[in-house]
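Only one structure is covered here, and it is reproduced in the block below.
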Amino acid sequence: MSNSLLRIEHLTKVYRIGSIIGGTKITAVDDVSFEINGSEIFTLAGESGCGKTTIAKIVLGFEDVTRGEVYYSGKRIDNLKKRSEIFEEIQAVFQNPFTTFNPLRRVESYFYDTLKNFEISKSKEEATAIITEKLKTVGIEFDEFYHKYPSEFSGGQLQRISIAKSLLTNPKLLVADEPVSMVDASLRMSIVNLFKKLEELGISILYITHDLMTAYYLGGRIAIMFRGNIVETGSTERVLSEPKHPYTQLLKESIPQPDPKKKWSTRIKLSDLEEVEYVSTGCKFAGRCPYAMDICRKERPPYFDVNGSKVMCYLYK
Numbered sequence: 001m002s003n004s005l006l007r008i009e010h011l012t013k014v015y016r017i018g019s020i021i022g023g024t025k026i027t028a029v030d031d032v033s034f035e036i037n038g039s040e041i042f043t044l045a046g047e048s049g050c051g052k053t054t055i056a057k058i059v060l061g062f063e064d065v066t067r068g069e070v071y072y073s074g075k076r077i078d079n080l081k082k083r084s085e086i087f088e089e090i091q092a093v094f095q096n097p098f099t100t101f102n103p104l105r106r107v108e109s110y111f112y113d114t115l116k117n118f119e120i121s122k123s124k125e126e127a128t129a130i131i132t133e134k135l136k137t138v139g140i141e142f143d144e145f146y147h148k149y150p151s152e153f154s155g156g157q158l159q160r161i162s163i164a165k166s167l168l169t170n171p172k173l174l175v176a177d178e179p180v181s182m183v184d185a186s187l188r189m190s191i192v193n194l195f196k197k198l199e200e201l202g203i204s205i206l207y208i209t210h211d212l213m214t215a216y217y218l219g220g221r222i223a224i225m226f227r228g229n230i231v232e233t234g235s236t237e238r239v240l241s242e243p244k245h246p247y248t249q250l251l252k253e254s255i256p257q258p259d260p261k262k263k264w265s266t267r268i269k270l271s272d273l274e275e276v277e278y279v280s281t282g283c284k285f286a287g288r289c290p291y292a293m294d295i296c297r298k299e300r301p302p303y304f305d306v307n308g309s310k311v312m313c314y315l316y317k
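Position 269 of the sequence shown, counting from 1, maps to 269 under the UniProt record's numbering, and the rest follow consecutively.
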């Protein structure tokens with residue numbers, strides 16, 4: 001039995017689009033397996049609609065599982081009735097910090113209420129000391145934060161405050177869903193550096209992003225998703241430096257190079273009917289892949305071990 005902190009086995013999530021009788025079934029997450037160890041950053045990366053946020057929602061308990069299992073510290077949690085048993089240990093950071101807080105409510109009230117609801121502090125003085133400590137972890141002083149409304153902070157400040165709030169319960173796992181996508185580019189690295197600091201403090205992070213540059217900087221391990229499948233997984237440095245799957249290669253080519261002599265000409269072209277890719281029986285990338293073979297359109301590829309990475313592609317058979 002694995003000693004991983006979070007273990008996902010053959011996870012599948014199916015949605016029905018349209019009417020109950022004539023609608024289409026879309027497999028948003030298709031037989032996905034991976035695990036996250038203690039004090040580790042694990043990235044799920046891919047374009048919008050690939051299924052990575054659905055996985056985050058399942059881990060957080062916002063979505064039910066169609067098939068498969070989710071284990072946390074050896075306990076199965078996809079069917080755990082008392083999920084409150086692990087609420088303290090799994091916390092979330094979302095994409096837009098301004099939707100995390102009510103604009104008409106002072107931000108510190110969320111902090112005091114969290115400590116009260118989880119019975120972490122016995123007095124306001126003790127709660128203030130805990131809040132001050134967590135704010136310092138994210139680089140914010142208590143006086144900068146107290147008696148202020150969300151609108152009085154920048155996006156970067158409010159995201160760091162959101163992270164501090166998630167740390168109040170001393171979680172072991174942080175689910176960060178596109179946490180830098182709505183932060184100014186100049187401030188993104190401060191958030192990314194904060195995640196590296198949290199890893200050093202013993203917190204594991206499920207980092208969900210379409211931004212391969214921040215994923216590369218964070219390091220750890222990465223899984224590249226396309227239409228519900230993990231198509232390539234391995235160490236972040238290896239996967240992004242020497243991508244093996246044609247889709248991962250296309251993602252890497254889409255990153256603009258910091259060279260004025262090189263124009264950004266490569267783009268990821270989405271199909272007009274994405275559900276065609278979702279419901280295909282073979283490789284879901286076959287319709288766009290320049291290396292597609294007949295077998296790719298008929299049978300789903302297994303995983304092949306390629307220089308330490310696992311790649312779902314018949315090119316490596």
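Beta carbons are placed, not taken as given, at the ideal position from N, Cα and C, and that holds for glycine.
Using 7 Å as the threshold, is the C-beta distance between residue i and residue j below it?
i, j, result
"residue 102", "residue 182", "no"
"residue 52", "residue 189", "no"
"residue 41", "residue 6", "no"
"residue 140", "residue 160", "yes"
"residue 219", "residue 308", "no"
"residue 111", "residue 25", "no"
"residue 175", "residue 28", "no"
"residue 293", "residue 231", "no"
"residue 134", "residue 167", "yes"
"residue 207", "residue 43", "yes"
"residue 229", "residue 30", "yes"
"residue 180", "residue 191", "yes"
"residue 115", "residue 121", "yes"
"residue 221", "residue 278", "no"
"residue 306", "residue 316", "yes"
"residue 223", "residue 34", "yes"
"residue 146", "residue 119", "no"
Could you pull the DSSP bridge partners for residue i from this structure?
i, result
"residue 121", "DSSP output for residue 121 lists no bridge partner at all."
"residue 221", "42 and 235"
"residue 305", "310"
"residue 294", "Looking at the DSSP assignment, residue 294 forms no beta bridge with any residue, so it has no partner."
"residue 226", "229"
"residue 76", "71"
Find the nearest neighbour of residue i within the set the options, judged by alpha-carbon distance.
i, options, result
"residue 46", "213, 242 and 300", "213"
"residue 298", "283, 180, 134 and 67", "283"
"residue 75", "153, 179, 232 and 3", "3"
"residue 310", "146, 32, 60 and 119", "32"
"residue 91", "292, 161, 186 and 169", "169"
"residue 216", "302, 121, 187 and 238", "238"
"residue 9", "109, 123, 251 and 59", "59"
"residue 106", "77, 86, 79 and 144", "144"
"residue 13", "240, 39, 38 and 64", "64"
"residue 94", "303, 155, 113 and 86", "155"
"residue 104", "150, 113 and 89", "150"
"residue 247", "276, 209 and 286", "286"
"residue 209", "16, 34, 17 and 49", "49"
"residue 196", "16, 17 and 39", "39"
"residue 117", "100, 88 and 98", "88"
"residue 86", "171, 15 and 109", "171"
"residue 78", "288, 11 and 146", "11"
"residue 186", "157, 173, 198 and 177", "157"
"residue 177", "113, 100, 240 and 253", "100"
"residue 73", "243, 98 and 173", "173"
"residue 251", "198, 16, 289 and 301", "289"
"residue 304", "295, 148 and 245", "245"
Can you tell me where the alpha helix (DSSP H) with residue i in it begins and where it stops?
i, result
"residue 320", "The structure shown does not extend to residue 320, since the chain spans only 1 to 317, so no value can be given for it."
"residue 166", "155-166"
"residue 193", "185-200"
"residue 148", "It is not in any alpha helix (DSSP H) - residue 148 carries neither H nor E in the DSSP assignment."
"residue 253", "246-253"
"residue 56", "52-60"
Which residue marks the beginning of the beta strand (DSSP E) containing residue i, and which one marks its end?
i, result
"residue 204", "204-209"
"residue 28", "24-36"
"residue 92", "90-93"
"residue 175", "173-177"
"residue 69", "67-72"
Is the shortest distance between the beta-carbon of residue i and the beta-carbons of chain C less than 7 Å?
i, result
"residue 298", "In the displayed structure, chain C is absent; only one protein chain is listed."
Open item on the list: Tell me whether the segment 56-70 and the segment 121-131 touch, counting them as touching only if at least three CB pairs, one residue from each stretch, are closer than 8 Å.
Closed with: Note that the segment 56-70 does not touch the segment 121-131; fewer than 3 beta-carbon pairs, one per stretch, sit closer than 8 Å.
Taking three-plus beta-carbon pairs below 8 Å as touching, is the segment 140-158 in contact with the segment 195-206? No: the two stretches stay apart, fewer than three of their Cβ pairs being nearer than 8 Å.
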